[in-house]
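Written out below as structure tokens is the structure these notes cover.
2 protein chains.
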Amino acid sequence: MKQSHLFTKTKKEAPADEVAKNAELLIKAGFINKEMAGVYSYLPLGLRVINKIQNIIREEMNAIGGQEVTLTALQEKATWEPTNQWDDAEVDVWFKTKLKNETELGLAVTHEAAMTKMLKSFVESYRDLPVNIYQFQTKFRNETRAKSGIMRTREFIMKDLYSFSKDEAEHNEFYEKAKEAYKNVFKRAGIGHLTYLTFASGGMFSKFSHEFQTITSAGEDIIYVDESKGIAINKEVYNDEVIANLGLSKETLVENRAVEVGNIFTLATRFSDALNLKYKTETGEEKSVFMGSYGIGPGRLMGTVVEVLSDDKGIIWPESIAPFKVHILELGDDMEVKTTANALYATLQSKGIEVMYDDRTGMSAGEKFADADLIGIPYRVVISPRSLKDGGYEVKKRTEGKGKIVNIDELTEILNG
Amino acid sequence: MKQSHLFTKTKKEAPADEVAKNAELLIKAGFINKEMAGVYSYLPLGLRVINKIQNIIREEMNAIGGQEVTLTALQEKATWEPTNQWDDAEVDVWFKTKLKNETELGLAVTHEAAMTKMLKSFVESYRDLPVNIYQFQTKFRNETRAKSGIMRTREFIMKDLYSFSKDEAEHNEFYEKAKEAYKNVFKRAGIGHLTYLTFASGGMFSKFSHEFQTITSAGEDIIYVDESKGIAINKEVYNDEVIANLGLSKETLVENRAVEVGNIFTLATRFSDALNLKYKTETGEEKSVFMGSYGIGPGRLMGTVVEVLSDDKGIIWPESIAPFKVHILELGDDMEVKTTANALYATLQSKGIEVMYDDRTGMSAGEKFADADLIGIPYRVVISPRSLKDGGYEVKKRTEGKGKIVNIDELTEILNG
Numbered sequence: 015m016k017q018s019h020l021f022t023k024t025k026k027e028a029p030a031d032e033v034a035k036n037a038e039l040l041i042k043a044g045f046i047n048k049e050m051a052g053v054y055s056y057l058p059l060g061l062r063v064i065n066k067i068q069n070i071i072r073e074e075m076n077a078i079g080g081q082e083v084t085l086t087a088l089q090e091k092a093t094w095e096p097t098n099q100w101d102d103a104e105v106d107v108w109f110k111t112k113l114k115n116e117t118e119l120g121l122a123v124t125h126e127a128a129m130t131k132m133l134k135s136f137v138e139s140y141r142d143l144p145v146n147i148y149q150f151q152t153k154f155r156n157e158t159r160a161k162s163g164i165m166r167t168r169e170f171i172m173k174d175l176y177s178f179s180k181d182e183a184e185h186n187e188f189y190e191k192a193k194e195a196y197k198n199v200f201k202r203a204g205i206g207h208l209t210y211l212t213f214a215s216g217g218m219f220s221k222f223s224h225e226f227q228t229i230t231s232a233g234e235d236i237i238y239v240d241e242s243k244g245i246a247i248n249k250e251v252y253n254d255e256v257i258a259n260l261g262l263s264k265e266t267l268v269e270n271r272a273v274e275v276g277n278i279f280t281l282a283t284r285f286s287d288a289l290n291l292k293y294k295t296e297t298g299e300e301k302s303v304f305m306g307s308y309g310i311g312p313g314r315l316m317g318t319v320v321e322v323l324s325d326d327k328g329i330i331w332p333e334s335i336a337p338f339k340v341h342i343l344e345l346g347d348d349m350e351v352k353t354t355a356n357a358l359y360a361t362l363q364s365k366g367i368e369v370m371y372d373d374r375t376g377m378s379a380g381e382k383f384a385d386a387d388l389i390g391i392p393y394r395v396v397i398s399p400r401s402l403k404d405g406g407y408e409v410k411k412r413t414e415g416k417g418k419i420v421n422i423d424e425l426t427e428i429l430n431g
Numbered sequence: 015m016k017q018s019h020l021f022t023k024t025k026k027e028a029p030a031d032e033v034a035k036n037a038e039l040l041i042k043a044g045f046i047n048k049e050m051a052g053v054y055s056y057l058p059l060g061l062r063v064i065n066k067i068q069n070i071i072r073e074e075m076n077a078i079g080g081q082e083v084t085l086t087a088l089q090e091k092a093t094w095e096p097t098n099q100w101d102d103a104e105v106d107v108w109f110k111t112k113l114k115n116e117t118e119l120g121l122a123v124t125h126e127a128a129m130t131k132m133l134k135s136f137v138e139s140y141r142d143l144p145v146n147i148y149q150f151q152t153k154f155r156n157e158t159r160a161k162s163g164i165m166r167t168r169e170f171i172m173k174d175l176y177s178f179s180k181d182e183a184e185h186n187e188f189y190e191k192a193k194e195a196y197k198n199v200f201k202r203a204g205i206g207h208l209t210y211l212t213f214a215s216g217g218m219f220s221k222f223s224h225e226f227q228t229i230t231s232a233g234e235d236i237i238y239v240d241e242s243k244g245i246a247i248n249k250e251v252y253n254d255e256v257i258a259n260l261g262l263s264k265e266t267l268v269e270n271r272a273v274e275v276g277n278i279f280t281l282a283t284r285f286s287d288a289l290n291l292k293y294k295t296e297t298g299e300e301k302s303v304f305m306g307s308y309g310i311g312p313g314r315l316m317g318t319v320v321e322v323l324s325d326d327k328g329i330i331w332p333e334s335i336a337p338f339k340v341h342i343l344e345l346g347d348d349m350e351v352k353t354t355a356n357a358l359y360a361t362l363q364s365k366g367i368e369v370m371y372d373d374r375t376g377m378s379a380g381e382k383f384a385d386a387d388l389i390g391i392p393y394r395v396v397i398s399p400r401s402l403k404d405g406g407y408e409v410k411k412r413t414e415g416k417g418k419i420v421n422i423d424e425l426t427e428i429l430n431g
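Residue numbers (the working numbering), protein chains in the order written: chain A, 15 to 431; chain B, 15 to 431.
Right, here's the structure in full:
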């Protein structure tokens with residue numbers, strides 16, 4: 015994409031009321047727009063990132079047999095009542111609204127019940143199970159405080175997968191697969207080294223649930239990390255019994271602030287019992303389907319990446335989710351510079367490499383460098399009278415301090431690598 | 015995809031309260047699920063179709079320079095007040111809700127105002143224009159009646175593009191391009207031959223708006239079509255003056271029932287004036303940005319395709335938006351049949367052809383044929399003891415009455431064509 019075509023520009027300041035680093039950087043760099051507290055739009059660069067994150071998640075969910083659907087945000091009271099979730103005392107983040115005829119509707123905060131209800135018309139016997147269904151769908155949550163940028167918002171896309179198994183054993187098998195798929199997601203998104211499988215409160219249905227917590231000072235949770243074993247305990251269940259239970263020791267556990275980037279949860283038969291999702295076993299017995307739920311918020315993941323992978327100049331995108339792989343900077347009005355930059359842009363694009371080309375005129379080199387650092391594309395290639403005199407292109411990774419001059423073959427090799 | 019893996023099944027009946035043909039067929043074939051009146055979820059097959067429709071639209075919008083974003087459904091009162099749209103008397107399809115602190119919010123019914131407001135921080139001078147921005151975003155509309163299946167719903171994805179031009183001349187240039195892009199969309203989606211550029215009421219800002227109306231008895235509009243010129247007039251502006259104005263004649267205009275599958279609209283400076291979206295001209299003069307809006311509902315388009323391209327056996331998807339290109343039907347438990355079907359499935363997939371493979375056991379040939387017809391995949395390939403004895407594969411288009419036996423080379427040629 016030519017940067018002269020992009021309608022967004024970098025900004026000197028984020029809105030005065032913005033306190034989260036992730037939103038500040040993303041707004042300044044033109045990835046998102048703040049509609050109001052806790053509500054953000056995705057602009058072209060931000061949409062590219064969120065789509066890449068979603069595609070990584072989609073690939074991992076498909077790999078473990080997930081089938082993709084999209085349920086609706088509008089949901090009837092009747093869907094929520096059997097599990098007592100309609101009650102504001104039980105679910106405290108409702109946005110509710112009404113049809114013209116005064117029928118109350120809720121904007122779904124989650125979809126266990128809706129998914130269970132939908133599946134009733136497709137599941138009859140053991141032959142129809144297991145089934146694992148997921149979606150990328152907009153959740154609405156009426157958060158009282160919304161001060162964490164895109165890490166906690168009132169409207170956001172959630173990837174939520176629900177597993178429907180014949181029994182606990184079959185459930186556990188899938189649950190372990192989902193654990194690995196989740197690890198893959200965070201690794202591929204560039205925060206695997208900071209993300210820990212964390213034992214947390216399991217609610218009524220299992221001893222623990224599992225969270226994936228990424229260490230960052232911007233997090234809302236406290237976890238205790240055993241670095242050598244690569245696991246952690248959430249403060250909410252951190253006690254002597256649990257520590258012993260997991261074979262850990264207080265001495266090796268280090269307290270950290272962290273953000274929950276994903277969670278997986280055994281629901282057992284809470285929803286299938288309440289909503290009557292049953293199947294016939296091989297022997298003709300009627301049994302409730304055994305369920306699990308598995309969530310990741312792509313926006314929260316994006317915000318977390320910005321929190322942990324950025325410096326005082328701006329964002330540092332991992333290549334896997336960067337809006338573009340290469341940022342070409344054309345400096346000055348020299349005709350040879352323009353011709354060379356244009357040719358490189360065409361060449362890289364023809365090789366399927368995603369490029370943003372800063373072809374803007376009337377800007378100083380310093381302004382272009384500052385914009386490139388703020389936006390955070392992994393590779394920067396400068397073409398200037400000096401680089402041409404020195405023999406070609408100055409290439410630099412966003413993570414590196416200094417670039418080096420290379421010729422076109424060396425450049426192609428670096429960018430293909 | 016192996017059909018044994020797909021969690022949906024075909025159904026004998028749609029819900030008793032369902033009156034629209036499109037929803038009946040789509041529910042019976044397992045493409046959508048009805049959450050409540052006017053609210054439908056997309057199941058795996060339906061999601062594949064809607065994604066293909068969206069990709070066609072995306073390609074056409076990108077081709078005319080559109081930049082993709084995603085705004086939010088939650089919007090503040092302040093965004094709507096300057097154009098008087100917050101008032102229920104002005105906009106009669108609001109779903110409204112509230113923050114915990116009682117602040118009223120609206121679920122956006124459209125995004126002209128939000129888009130205009132967002133763009134204010136990026137447009138300063140004539141150099142920043144023109145800009146064309148679009149999104150695929152969920153709209154909520156509190157429709158009183160919702161009896162047209164997925165053609166008129168209370169929650170739906172809308173592709174809405176907004177154009178921001180320096181003046182009317184620049185606007186008109188883009189408007190004509192958008193017209194062509196829209197024609198391409200409907201042509202590519204398989205309903206070009208039934209879709210007419212229709213002159214409709216232009217509101218305050220221009221003589222006419224332009225609708226794209228597809229002829230179907232399920233439509234809510236009445237249009238008068240001049241077949242030879244390929245244009246139509248909406249009943250709302252059908253009078254002697256307009257007919258003369260457009261150089262048409264009553265004798266050649268034929269009344270038809272039709273559904274509006276798209277519309278394009280000149281907004282002029284209504285929103286930019288009200289929300290103060292100005293730019294500086296080359297001579298330093300301050301001017302309001304000149305705007306247009308361009309909408310297509312992918313769900314309505316999908317519903318329209320089902321209404322106009324179906325027969326008494328089921329849906330007939332155009333190849334461009336079909337969930338799969340080929341439906342392999344394996345008949346009987348014969349080992350050679352299974353081996354041959356499996357091999358064909360692998361071969362076609364390796365060629366990048368999208369295949370659904372009916373590998374289900376314990377079903378009669380009749381049941382498989384009926385399901386295939388209902389689901390409506392363009393090519394059906396039957397592998398049975400008889401087809402093998404006769405020399406190979408029985409291939410049939412969904413639009414054809416009878417299949418023919420071909421060998422693997424002939425089959426490959428047909429499916430690559």
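Glycine included, C-beta positions come from ideal geometry on N, C-alpha and C.
For Met-316(A), three-class secondary structure by DSSP: When DSSP states are grouped into helix, strand and coil, Met-316(A) belongs to the helix group.
Is Thr-84(A) near Tyr-56(B), with beta carbons less than 8 Å apart? Their beta carbons are under 8 Å apart, which means Thr-84(A) touches Tyr-56(B) by this criterion.
Spell out a yes or no on whether the stretch 121-141 of chain B and the stretch 85-98 of chain B are touching, meaning 3 or more CB-CB pairs, one atom from each, closer than 8 Å. yes
Exposed or buried, what is Met-7(A) when buried is set at 16 or more other beta-carbons lying within 10 Å of its beta-carbon? Only positions 15 to 431 of chain A appear in the structure, and residue 7(A) is not among them; the question remains open.
List the residues that DSSP assigns as beta-bridge partners of Val-396(B). Leu-343(B) and Glu-408(B)
Local Cβ density within 10 Å of Arg-62(B), reported as buried at 16 or more and exposed below that: buried
Inspect the CB distances between the stretch 116-124 of chain A and the stretch 272-283 of chain A and report whether three or more fall short of 8 Å. no
Rounding to the nearest angstrom, what Cα-Cα distance links Gln-89(A) and Met-165(B) in this structure? 19 Å
With 8 Å set as the bound, which would you pick, yes or no: does the beta-carbon of Thr-433(A) sit closer than that to a beta-carbon of chain B? Nothing about residue 433(A) can be reported from this structure: the residues present for chain A run from 15 to 431 only.
Simplified DSSP assignment, three categories, for Thr-212(B): strand
Which of the residues in the stretch 348-379 of chain A, read from start to end, lie with their CB under 7 Å from any CB of chain B? none
Straight-line gap, Leu-281(B) to Gly-328(B) (C-alpha atoms, nearest Å): 41 Å
For Glu-241(A), tell me which candidate among Ala-232(A), Thr-228(A) and Arg-284(A) has the shortest Cα-Cα distance. Thr-228(A)
Measure from the alpha carbon of Ala-379(B) to the alpha carbon of each residue in Leu-388(B), Lys-403(B) and Leu-345(B), then state which is nearest. Leu-345(B)
According to DSSP, which residues form a beta bridge with Tyr-371(A)? Lys-16(A) and Ile-342(A)
At the level of alpha carbons, what is the spacing between Thr-318(B) and His-19(A)? 35 Å
The stretch 75-95 of chain A: positions lying closer than 7 Å to chain B by Cβ: Gln-81, Glu-82, Val-83, Thr-84, Leu-85, Thr-86, Ala-87, Leu-88, Gln-89 and Glu-90
I believe Phe-150(A) touches Val-145(B) by the beta-carbon criterion, under 8 Å. Please report the beta-carbon distance rounded to the nearest angstrom. Rounded, the Cβ-Cβ distance is 27 Å, inconsistent with contact.
Determine the chain B residues that contact Leu-57(A) at a beta-carbon separation under 7 Å, and present them in chain order. Val-83
Per DSSP, cross-strand counterpart(s) of Gly-120(B): Gln-89(B) and Lys-110(B)
Report the three-state DSSP secondary structure of Gln-99(A) (helix, strand or coil). Looking at Gln-99(A) - three-state DSSP - the assignment turns out to be coil, as it is neither helix nor strand.
So is Val-273(B) in contact with chain A if we call contact Cβ pairs under 8 Å? no
Could you check where the alpha helix (DSSP H) with Thr-130(B) kicks off and where it finishes? 126-133
Listed by chain order, chain B residues near Arg-168(A) by CB distance under 7 Å: Leu-88
Could you work out which residues of chain B lie near Glu-38(A), taking near to mean beta carbons separated by less than 9 Å? Listed along chain B is no residue with a C-beta nearer than 9 Å to that of Glu-38(A); the closest approach is about 15 Å.
Chain A within 8 Å of Ile-257(B), Cβ atoms only: no
Short CB-CB distance (under 8 Å) between Thr-111(B) and chain A: yes
Please work out which residues of its chain come closer than 7 Å, Cβ to Cβ, to Thr-436(B), disregarding the five sequence neighbours upstream and downstream, and give them in chain order. There is no way to answer for residue 436(B), as the model of chain B reaches only from 15 to 431.
For Gly-261(A) and Lys-243(A), I'd like the C-alpha separation in whole angstroms. C-alpha separation (whole angstroms): 10 Å.
Which residues in chain B sit within 7 Å of Leu-61(A), going by Cβ to Cβ distance? Glu-82, Val-83 and Thr-84
Helix, strand or coil at Thr-354(A) according to DSSP, with G and I counted as helix: For Thr-354(A), the three-state secondary structure derived from DSSP is helix.
Residue-level contact to chain B via CB, Phe-136(A), 8 Å cutoff: For Phe-136(A), the answer is yes, since a Cβ of chain B falls inside 8 Å of its Cβ.
Neighbour flag for Thr-158(A) against chain B, beta carbons, 8 Å: yes
Uninterrupted beta strand (DSSP E) stretches inside the stretch 254-331 of chain B (no shorter than 3 residues): 267-282, 292-294, 300-302 and 304-310
Terminal residues of the alpha helix (DSSP H) in which Phe-178(A) lies: Counting along the chain, Phe-178(A) falls outside any alpha helix (DSSP H), though it belongs to the beta strand (DSSP E) covering 169-179.
Which of helix, strand or coil DSSP assigns to Asp-423(B): helix
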